[in-house]
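The structure under discussion appears below in the form of structure tokens.
Chains as they are written, first to last, in the numbering used here: chain H, 1 to 71; chain S, 1 to 482.
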């Protein structure tokens, strides 16, 4: 975005904001994976994506789909 | 609760506009009734992030004052709507569905909110979403500050995401329409699962200023409504160039349903495998009937096939890399671990290490994808496919697939994989193409939907397909028991 966002963080807990709905959040089912396992799994996913991307023959002159305008 | 007939809550924008102009009720009465309903039933589906009742009633009074003076401002005047909670509304909490941002407040309106306000539409509430629009990849529907989006057709089922609240609120008649967003599937999926009509516009048609960025390359904001026609009216208001969003294409959108192109002049591309093999068995008769309806309307269906490109890998690389940049501070500070879904937190952390080489590769492949669609859409006017190949999943079921695919020669690897247009959601998003999700039937009382994908800036054409389909079917008029 062109303009930086200005934010005012209200230093109160979620439950102190009456306009918010009562959180009926259900805790996710206990993950069978530890945070380390999940991080490893995420890295594996990215490696697989990387491998899939490298199988594509890309013409040398093909530009990435950026759009930049100097002004 | 203000006593309006139940039918009002399931009326289209066109119908509500006519009733307002006929003074069957005032804008204040309408807003009050919808606010009551949203506050009462929104939590039942974990759909409501924040009621904006006071602001809504105040704005509705202004609308009534205008209507008294015959100052009409179009179809959306006086119509309540909900906004996905990644859109900023000045001085109101905008949580992005995520605990680290639960108390976040902006002092300005998103451009789409401002444009709707200018024509007298009434924002009655912020609607729940998957945290951070799911950009890090999430395992469970409960990946949200507000809990899992629950489907009004069956509350043991997911509403879809990441525009979960938008889908369920429209389906349950809590708002006449909603704004959602899509990076890769987040309008089409909840629209399909909740049985509403959702439009993902062409990339750059609608300003994203004031919306949480997830992927600058792929984010789009679009309407989720009770009909294709309604989507057209909303898009006409929110579309257009915005100097605050350099990603806008500088194009406007003018909607004239009277001049919709007849479907019997159209060639619609499809792939048989999507409907006969890849779709879940229970959905296939519904999809077959929908294709027959299109043929019955005179559309010529032609088989098409997209190229063999890694749509999913390119999309996930782009989204992950850009999301990691957007949320770099969140990740580096460790606050990312406050997210409800541990897999999403892990995904964002891992994404910080995506190489420039991979990112650029994905962005170049994106151009190949764009060219491939140009080829396919030379032979047809639009592409038809299932929005999703199954009905809504159970809320407790994990959403992700295993990270390690079966190796070669394993029993679960088919000898000749059926491809169809299976990657159409990531592919269509990569190419920046518009898509309309149309309810096309039910399986065990759960909605099923078609998607219609068109060329860039062909929203009028895909809406035309939708309107003509909805003229001869009533799936979009059906209502869940709320």
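The beta carbon of each residue, even a glycine, is placed where N, CA and C say it ideally should be. Since we're looking at a predicted model, the values are computed, not measured.
By the C-beta criterion, the stretch 347-360 of chain S is judged not to be in contact with the stretch 97-115 of chain S, since fewer than 3 inter-stretch pairs fall below 8 Å. Using a Cβ-Cβ cut-off of 7 Å, residue 70 of chain H does not count as an interface residue toward chain S, since no Cβ of chain S sits closer than that to its own. Within the same chain, and ignoring the five residues on either side of residue 53 of chain S in sequence, the residues whose Cβ sits closer than 6 Å to its Cβ are 35.
Residue 348 of chain S and residue 30 of chain S have their C-alpha atoms spaced approximately 42 Å apart.
Distance check between residue 19 of chain S and each of S:254, S:44 and S:78 places S:78 closest, using alpha-carbon atoms only. For residue 164 of chain S, the uninterrupted alpha helix (DSSP H) run begins and ends at 164-171, by DSSP. For residue 138 of chain S, the closest alpha carbon among the candidates S:434, S:197, S:320 and S:176 is that of S:320. Going by DSSP, residue 296 of chain S is part of the alpha helix (DSSP H) stretching over 284-296. The beta carbon of residue 466 of chain S sits closer than 7 Å to those of 197, 228, 436, 438 and 452, all from its chain and outside the five residues before and after it, given in chain order.
With contacts defined as CB atoms closer than 7 Å, residue 123 of chain S and residue 171 of chain S fail to qualify as a contacting pair. In the DSSP secondary-structure assignment, residue 363 of chain S is not bridged to any residue.
Take residue 282 of chain S, set aside five residues on each side of it, and the residues of its chain with a beta-carbon closer than 7 Å to its own are 443, in chain order. In the DSSP assignment, residue 315 of chain S falls within the unbroken alpha helix (DSSP H) covering 311-326.
Non-local beta-carbon contacts of residue 245 of chain S in its own chain, meaning distances under 8 Å to residues more than five positions away in sequence, involve 111, 207, 208 and 209 in chain order. Per DSSP, residue 385 of chain S is one residue of the beta strand (DSSP E) stretching across 382-386.
For residue 310 of chain S, the C-beta contacts it makes with chain H under 8 Å involve 49, 52, 53, 55 and 56, in order along the chain. Contact residues of the stretch 442-455 of chain S toward chain H are absent (C-beta to C-beta distance below 8 Å). A straight line joining the alpha-carbon of residue 76 of chain S with that of residue 42 of chain H spans about 44 Å.
The DSSP-derived three-state label of residue 102 of chain S is coil. Going by DSSP, residue 465 of chain S is part of the alpha helix (DSSP H) stretching over 459-472. In this structure, the alpha-carbon of residue 225 of chain S lies about 22 Å from that of residue 293 of chain S. For residue 204 of chain S, same chain residues with a beta-carbon under 6 Å away, outside a window of 5 residues either side, are 247, 248 and 249 in chain order.
Using a Cβ-Cβ cut-off of 8 Å, residue 62 of chain H is close to 364, 367 and 368 of chain S, given in chain order. Residue-level contact by beta carbon holds for residue 361 of chain S and chain H, with a gap shorter than 7 Å. Contacts with chain H at 7 Å (Cβ-Cβ) include residue 358 of chain S. Looking at the DSSP output, residue 152 of chain S shares a beta bridge with no other residue. Non-local C-beta neighbours of residue 260 of chain S in its own chain, meaning closer than 8 Å and more than five positions away in sequence, comprise 460, 463, 464, 467 and 468, ordered along the chain.
Under a criterion of Cβ atoms nearer than 9 Å, the residues of chain H adjacent to residue 314 of chain S are, in order, 49, 52, 53 and 56. Counting the other CB atoms within 10 Å of its CB gives residue 276 of chain S a total below 16, which places it among the exposed residues. Just measuring C-alpha positions, the residue of S:311, S:387, S:89 and S:164 sitting nearest residue 290 of chain S is S:387.
Here the stretch 53-60 of chain H lies against the stretch 303-319 of chain S, with 3 or more beta-carbon pairs under 8 Å apart.
The alpha carbon of residue 391 of chain S has as its nearest neighbour, out of S:424, S:363 and S:447, the alpha carbon of S:447.
By the criterion of at least three beta-carbon pairs nearer than 8 Å, the stretch 140-147 of chain S is not in contact with the stretch 371-383 of chain S.
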